[in-house]
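Trainee:
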Amino acid sequence: MELLLLILSTIVFFFFLLHGLDLYRKRRMPPGPTSFPIIGNLLDIGPKPHESLAKLSEKHGPLMTIRLGSITSVVASTPDAAREILQCQDEVCSGRMIPDAVTALQNHDKAILWISANEDWRAIRKALNTYLTHQHKLDTLSDLRQNVVDEMLEFLNQSALKNELVNIGNLAFAVVVNQISNTCFSRNVTNYESEDIGGFKTAVKTLMEVDGKFNIADIFPILKPLDPQNIRRQAKAAYAWLDHVVQGFINERLKHRELKLPRFGDMLDSLLDYSEDNVQVFNLIHIKTLLVDLFIAGTKTSSNTTEWAITELFLNPDMFAIVRKEVSTIVGEDGKIQEEKILDLPYLHAVVKETMRLHLSVPLLAPHKTEKEVKLNEYVVPKNVQILVNVWAMARDPKYWKNPLSFMPERFMKTEVDYKGQHFQFLPFGSGQRMCPGIPLAHRVVSLMVVSFVYHFDWKLTHAREDMNMNDVFGLTLLRATPLVAYPISIE
Ligand code: HEM
125 MELLLLILST IVFFFFLLHG LDLYRKRRMP PGPTSFPIIG NLLDIGPKPH ESLAKLSEKH
185 GPLMTIRLGS ITSVVASTPD AAREILQCQD EVCSGRMIPD AVTALQNHDK AILWISANED
245 WRAIRKALNT YLTHQHKLDT LSDLRQNVVD EMLEFLNQSA LKNELVNIGN LAFAVVVNQI
305 SNTCFSRNVT NYESEDIGGF KTAVKTLMEV DGKFNIADIF PILKPLDPQN IRRQAKAAYA
365 WLDHVVQGFI NERLKHRELK LPRFGDMLDS LLDYSEDNVQ VFNLIHIKTL LVDLFIAGTK
425 TSSNTTEWAI TELFLNPDMF AIVRKEVSTI VGEDGKIQEE KILDLPYLHA VVKETMRLHL
485 SVPLLAPHKT EKEVKLNEYV VPKNVQILVN VWAMARDPKY WKNPLSFMPE RFMKTEVDYK
545 GQHFQFLPFG SGQRMCPGIP LAHRVVSLMV VSFVYHFDWK LTHAREDMNM NDVFGLTLLR
605 ATPLVAYPIS IE
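The sequence shown begins at 125 in my numbering and counts up one residue at a time.
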């Protein structure tokens, strides 16, 4: 009897102790909506989490706690809250959680996008800095990217001759895939005509879809072995395909270097050079995984931004005309537009920035994670809490933007606000140490495509302008819900 009483009182004691601890922990975390047992706030988050989180933050504040299954997240919804996380507490808030889909990648513990800011990550970022962020290195391969655009123009000329409808998003995606493959390996990996079934484009598209899909196994880890939505299996096939192809390119290049043939001067050469000097921290596995990651990080984000920019220019013919006029000032005698010359066109730059503000490709950034307990303003957030930064909400906040829902490139003509991570109301590439390292390349690729679509062709829509569907779909990037299609009309 005494033993039973002792056991019962021990259970009651621990129950109250844990309950008390839980209350204490909740008091120190930012406030948030009441959550149900097991599912947490799952019912509060619809198919567009950035929109539902923005609404919830109006009630619960700039730093808010959300629970989804076993994952606790802190959501930042104002520029000040973003600054606290990405600038003041950048070091501690720079972790990542690896989604279950990504574990299908053979060496996912070397994947820059998904690993925490550890030693591997530092070595990879350093290696990237030897090429990707160097304007003059990017300049050296601008001819190859120019060739890709020339091929696109040829494709559009043929479509115009045959009066064929062009799917602008699909075309832009194929062009970006080749722009990035030329920057990395000095070669094309896809074409514009075919659907490329089973090829490079399909593999990258599949990964963008499955890596960005809501996966129940991510919030209930107990389900991981079952892979209930078949997400990891799909990812595995696509990753294996890309891994194999990229390994082939690396092997070819190693032979080329052994034979002491002339250098290509592309990113692969630069990564191999870096690896030779730093083999302890950066080896061939790092290179292969990084190259696969660059296609995932850089392609849909850039093509999607291009597709939205063209959509807005179709809807605003006066702006379309201004871009065309501005470009005409730098066109060469051969009628070609050089990448280097468009980098400083102010109106074009304003159009690209305004597109990134109104149609953010990555509305919640890639989720961050706390690496240890951290104080965020008056709150204390424990280790391993996911951090979501709702940059979509900030880019549309009327406190910072006049007529935030209107497309007005002029707003960027009169302000210093830029996307380099210092203006926290506008963070399309993030800020702090996890900020996108691809900004200079993205700037070139998107700008060159936009001017090529605008300068060389007139366009006929299949419907009235006011019937344009402007809805988007949430995923790893925020895509157009319906593809943008139009007939190109040659003007030369
Ligand atoms: C318009 C085009 C692009 C947009 C909007 C974009 C945006 C972003 C964003 C928001 C992040 C996450 C930042 C964070 O977690 O705080 C990111 C990460 C990254 N981006 Fe981009 N990006 C673009 C193009 C590119 C390109 C062209 C490349 C390279 C080829 C690239 C490579 C990367 C990489 C490697 C990361 C991971 C960085 C890390 O976790 O340390 N991106 N990007």
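We treat Cβ as the ideally placed atom computed from N, Cα and C, and that holds for glycine. Small disclaimer: the values here were computed from a predicted structure and weren't measured.
Just how far apart, CA to CA, sit Met592 and Val513?
Mentor: Numbered from 1 along the sequence shown, position 468 holds the residue referred to as residue 592. Numbered from 1 along the sequence shown, position 389 holds the residue referred to as residue 513. Those two C-alpha atoms are separated by around 30 Å.
Trainee: Can you say whether Arg481 is buried or exposed, counting buried as having 16 or more other CB atoms within 10 angstroms of its CB?
Mentor: Start at 1 with the first residue of the sequence shown, and residue 481 comes out as number 357. Burial call: buried.
Trainee: Give the single residue among Ser194, Glu275, Met573 and Thr330 whose Cα lies nearest to the Cα of Asn354.
Mentor: Your numbering for residue 354 matches position 230 in the sequence shown. For the residues Ser194, Glu275, Met573 and Thr330, the minimum Cα distance to Asn354 belongs to Thr330.
Trainee: With a threshold of 8 Å (Cβ to nearest heavy atom), would Trp245 be considered close to the ligand HEM?
Mentor: As a working note, residue 245 is residue 121 in the sequence shown. Yes, the ligand HEM has a heavy atom inside 8 Å of this Cβ.
Trainee: For the segment 430-513, list the beta strand (DSSP E) runs that are entirely contained and at least 3 residues long, ordered along the chain.
Mentor: Correct list: 498-500, 503-505 and 510-513.
Trainee: Would the C-beta of His492 count as close to the ligand HEM, meaning under 8 Å from any of its heavy atoms?
Mentor: Position 368 of the sequence shown, counted from the first residue, corresponds to residue 492. Yes, the beta carbon of His492 sits closer than 8 Å to at least one heavy atom of the ligand HEM.
Trainee: Shortest alpha-carbon distance to Thr453 belongs to which of Leu439, Leu469 and Asp442?
Mentor: Indexing the sequence shown from 1 puts residue 453 at position 329. Taking only the C-alpha atoms, the option nearest Thr453 is Leu469.
Trainee: What separation, rounded to the nearest whole angstrom, lies between the Cα atoms of Val299 and Pro491?
Mentor: Working through the sequence shown from its first residue, we reach residue 299 at position 175. Working through the sequence shown from its first residue, we reach residue 491 at position 367. Near 28 Å, if we compare the C-alpha coordinates of Pro491 and Val299.
Trainee: In the structure shown, what three-state DSSP assignment does Gly76 receive?
Mentor: The question about residue 76 has no answer here: the residues shown for the chain are numbered 125 through 616.
Trainee: For the putative contact between Thr158 and Gln510, defined by C-beta atoms under 8 Å, what is the C-beta separation to the nearest angstrom?
Mentor: The residue given as residue 158 occupies position 34 in the sequence shown. The residue given as residue 510 occupies position 386 in the sequence shown. Actually they do not touch by this definition, with Cβ atoms about 19 Å apart.
Trainee: According to the neighbour-count rule (16 or more other Cβ atoms, all chains shown, within 10 Å of its Cβ), is Ala605 buried or exposed?
Mentor: Against the sequence shown, residue 605 aligns to sequence position 481. Per the 10 Å Cβ criterion, exposed.
Trainee: Determine the direct distance from the alpha carbon of Gly372 to that of Met443, and round the result to whole angstroms.
Mentor: By one-based count along the sequence shown, residue 443 stands at place 319. By one-based count along the sequence shown, residue 372 stands at place 248. Between Met443 and Gly372, the C-alpha separation is close to 45 Å.
Trainee: From which residue to which residue does the beta strand (DSSP E) around Pro612 run?
Mentor: Taking the sequence shown and counting its residues from 1, one reaches residue 612 at position 488. Where Pro612 is concerned, the enclosing beta strand (DSSP E) stretches over Val609 to Ser614.
Trainee: With DSSP as the reference, please indicate the residues paired to Thr189 in a beta bridge.
Mentor: Residue numbering aside, residue 189 sits at position 65 when the sequence shown is read from its first letter. The partner list for Thr189 (beta bridge, DSSP) reads Val198.
Trainee: Classify Arg311 as helix, strand or coil using the three-state DSSP reduction.
Mentor: Counting from 1 along the sequence shown, the entry for residue 311 is found at position 187. The answer is coil: DSSP assigns Arg311 none of H, G, I, E or B.
Trainee: Check whether the Cβ of Gly422 sits closer than 8 Å to any heavy atom of the ligand HEM, and report yes or no.
Mentor: Residue 422 sits at position 298 when you count from the first residue of the sequence shown. Indeed, a heavy atom of the ligand HEM lies less than 8 Å from the Cβ.
Trainee: Please report the straight-line C-alpha distance between Lys172 and Lys379, rounded to a whole angstrom.
Mentor: Position 48 of the sequence shown, counting from 1, holds the residue named residue 172. Position 255 of the sequence shown, counting from 1, holds the residue named residue 379. Rounded to whole angstroms, Lys172 to Lys379 spans 48 Å at the Cα level.
Trainee: Reducing DSSP to helix, strand and coil, say where Gly156 ends up.
Mentor: Residue numbering aside, residue 156 sits at position 32 when the sequence shown is read from its first letter. DSSP places Gly156 in coil when its eight states are reduced to three.
Trainee: Let me know the secondary structure DSSP gives Arg604 once reduced to three states.
Mentor: For the purposes of this step, residue 604 is identified with residue 480 of the sequence shown, where counting begins at 1. If DSSP states are grouped into helix, strand and coil, Arg604 belongs with the strands.
Trainee: If Val216 and Val498 are in contact, beta carbons under 8 Å, what's the gap, nearest whole angstrom?
Mentor: In the sequence shown, the residue the question calls residue 216 occupies position 92. In the sequence shown, the residue the question calls residue 498 occupies position 374. That belief holds up - the Cβ atoms of Val216 and Val498 are roughly 4 Å apart, short of 8 Å.
Trainee: Between Thr413, Leu280, Pro552 and Asn306, which lies nearest to Phe581 when the distance is taken from Cα to Cα?
Mentor: Along the sequence shown, one-based indexing puts residue 581 at 457. For Phe581, the nearest C-alpha among the options comes from Leu280.
Trainee: What separation, rounded to the nearest whole angstrom, lies between the Cα atoms of Ala205 and Val451?
Mentor: As a first step, residue 205 must be located in the sequence shown, where it is residue number 81. As a first step, residue 451 must be located in the sequence shown, where it is residue number 327. So the two alpha carbons sit approximately 39 Å from each other.
Trainee: So, with DSSP's three-state summary, where would you put Val216?
Mentor: If you number the sequence shown from 1, residue 216 lands on position 92. Coil.
Trainee: Sorry if obvious, but does the Cβ on Ser426 come closer than 8 Å to a heavy atom of the ligand HEM?
Mentor: Taking the sequence shown and counting its residues from 1, one reaches residue 426 at position 302. Yes.
Trainee: Cα separation between Phe598 and Thr429?
Mentor: As a first step, residue 598 must be located in the sequence shown, where it is residue number 474. As a first step, residue 429 must be located in the sequence shown, where it is residue number 305. Phe598 and Thr429: Cα-Cα distance of roughly 14 Å.
Trainee: Pull up the distance between the alpha-carbon of Gln303 and that of Ser426, whole angstroms please.
Mentor: As a position in the sequence shown, residue 303 is number 179, starting the count at 1. As a position in the sequence shown, residue 426 is number 302, starting the count at 1. One C-alpha to the other measures close to 11 Å.
Trainee: Can you check whether the CB of Val515 is closer than 9 Å to the CB of Thr601?
Mentor: The count along the sequence shown starts at 1 and reaches residue 601 at position 477. The count along the sequence shown starts at 1 and reaches residue 515 at position 391. Against a cut-off of 9 Å, the Cβ pair of Val515 and Thr601 comes out as no contact.
Trainee: Would you decide whether His143 is buried or exposed? Buried here means 16 or more other CB atoms lie within 10 Å of its CB.
Mentor: Here residue 143 corresponds to residue number 19 of the sequence shown, with the count starting at 1. Below a pLDDT of 50, predicted positions are generally treated as unreliable, and His143, at 48, falls in that range; no measurement from the model is reported.
Trainee: Which residues bound the beta strand (DSSP E) around Asp582?
Mentor: Translated into the one-based positions of the sequence shown, residue 582 becomes position 458. That run of the beta strand (DSSP E) goes Phe581 to Leu585.
Trainee: Could you compute how far the alpha carbon of Leu277 sits from the alpha carbon of Ser571?
Mentor: Stepping through the sequence shown from its first residue, residue 277 is reached at position 153. Stepping through the sequence shown from its first residue, residue 571 is reached at position 447. Straight-line Cα distance between these residues: approximately 15 Å.
Trainee: State the Cα-Cα distance for the pair Ser82 and Pro186, rounded to the nearest angstrom.
Mentor: No answer is possible for residue 82: the residues shown for the chain start at 125 and end at 616.
Trainee: Compute every distance between the C-beta of Ser555 and the non-hydrogen atoms of the ligand HEM, then say whether any falls below 8 Å.
Mentor: Indexing the sequence shown from 1 puts residue 555 at position 431. Result yes, Cβ under 8 Å from the ligand HEM.
Trainee: Write down every uninterrupted run of the alpha helix (DSSP H) in the segment 365-407 whose length is 4 residues or greater and which is fully enclosed by it, in chain order.
Mentor: DSSP runs (the alpha helix (DSSP H)) wholly in the segment 365-407: 391-401.
Trainee: Let me check one thing: in DSSP terms, what residues is Gly164 bridge-paired to?
Mentor: On the sequence shown, position 40 is the one that residue 164 refers to. Gly164 is bridged to Phe160 and Leu192.
Trainee: Assuming Glu464 contacts Ser266 (C-beta within less than 8 Å), just tell me the rounded distance between them.
Mentor: For the purposes of this step, residue 464 is taken as the residue at position 340 of the sequence shown. For the purposes of this step, residue 266 is taken as the residue at position 142 of the sequence shown. About 6 Å; that satisfies the 8 Å criterion.
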